[in-house]
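*Asks:* Below you will find the structure I want to go over with you.
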Amino acid sequence: ADIHPGATVAVVGCGPIGLMAVEGAFLMGAAKVYAVDLVAERRAMAEAMGAIALDASEAKAVIEEQTRGRMCDSVV
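Here's what the structure looks like:
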């Protein structure tokens, strides 16, 4: 993924690898990281790391609204 400083990133799945991707995105300078998962407990862990946690059923609409249609620079 092309994650650069200031990027908006979506991480799909917040299991162990997804949580590492959230951390990695922030370490690479992402300004905003959306963490998408069906499991509330996993979303809570991603949120504790600074991500914007979203249920998969709402992710597209919320990201589209918050980015004014620009969506994400990278999806992991």
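Heads up: take any position in the sequence shown, counting from 1, add 1494, and you land on our numbering. For every residue, glycine included, the Cβ atom is placed at its ideal position computed from N, Cα and C.
Buried or exposed, going by whether 16 or more other CB atoms sit within 10 Å of the CB of Val1530?
*Replies:* Buried is the call here.
*Asks:* Quick one: what does DSSP say Ala1547 is sitting in, helix, strand or coil?
*Replies:* DSSP places Ala1547 in strand when its eight states are reduced to three.
*Asks:* Rounded to whole angstroms, what's the CA-CA distance from Ala1525 to Asp1496? Just pull it up for me.
*Replies:* Taking the straight line joining both Cα atoms gives about 13 Å.
*Asks:* For Ala1555, which residues in the same chain have their Cβ closer than 6 Å to its Cβ, ignoring the five residues on either side in sequence?
*Replies:* Correct list: empty, nothing qualifies.
*Asks:* Leaving out the 5 sequence neighbours to the left and right, which residues in its chain are closer than 6 Å to Val1505 when beta-carbon positions are compared?
*Replies:* Closer than 6 Å at the Cβ level, and outside the excluded window around Val1505, lie Gly1512, Ala1515, Val1516, Ala1529, Val1570.
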